[in-house]
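What follows is one structure encoded as structure tokens, with my remarks underneath.
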Amino acid sequence: MKRIIIISDTHAGTIEKLPAKVIHAVKEADIVIHAGDADTLNFIDELEDICKCLYAVKGNCDLGSKLPVKIIEEIEGVKIGISHGTGNYNNIIDRMYYMFSEDNPRIIIYGHNHVPMNEEIEGVWFINPGSTSLNRTLNYGTYAELIVDNGSFTSKIECAE
């Protein structure tokens, strides 16, 4: 069993700007996923220093970053696709689905629109953790928790405060 904490769109120059609850969750997790828009590589370096295992992708605000745009990873028998997402927010699910169509992941993790999502669409589970501080639909920050265990998984959106 692996406990995965998912964050995105942190837009923070340093991890000190993250809510204390998020920092604690990151330190306790088996794996941390940052789905883009950290804004600085310094933030990613700091995150890597406090977590056990980090997967991070480049977002549209991560200019000059050498992070990958897309990651496919199998964890505990569950294939996961990770990318930030780009373009218009209205059809982001379609674009994410297309981006990973040849990879056939069971879960797609993305960010970009700062709107938390945790639901199945056409047989694929989509997780957007929202933003830890700049949420567009709620008046508080969010992150996601994903538990994977021997081919099965559960996920939920958490309040970051």
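Residues 1 to 161 (full-length UniProt numbering) make up the sequence shown, in order.
In this text, a Cβ means the ideal position worked out from N, Cα and C, and glycines have one as well.
| Asked | Found |
| --- | --- |
| N113 beta carbon less than 7 angstroms from that of I92 | yes |
| Proximity of I33 and I6 at Cβ, strictly below 7 angstroms | yes |
| Reference K21; option with closest CA among S133, G87 and V148 | S133 |
| R3 - containing beta strand (DSSP E), residue span | K2 to I7 |
| Reference E28, options C61, N150, N128 and L47, closest by Cα | L47 |
| Exposure of K58, with buried meaning 16 or more beta-carbon neighbours within 10 Å | buried |
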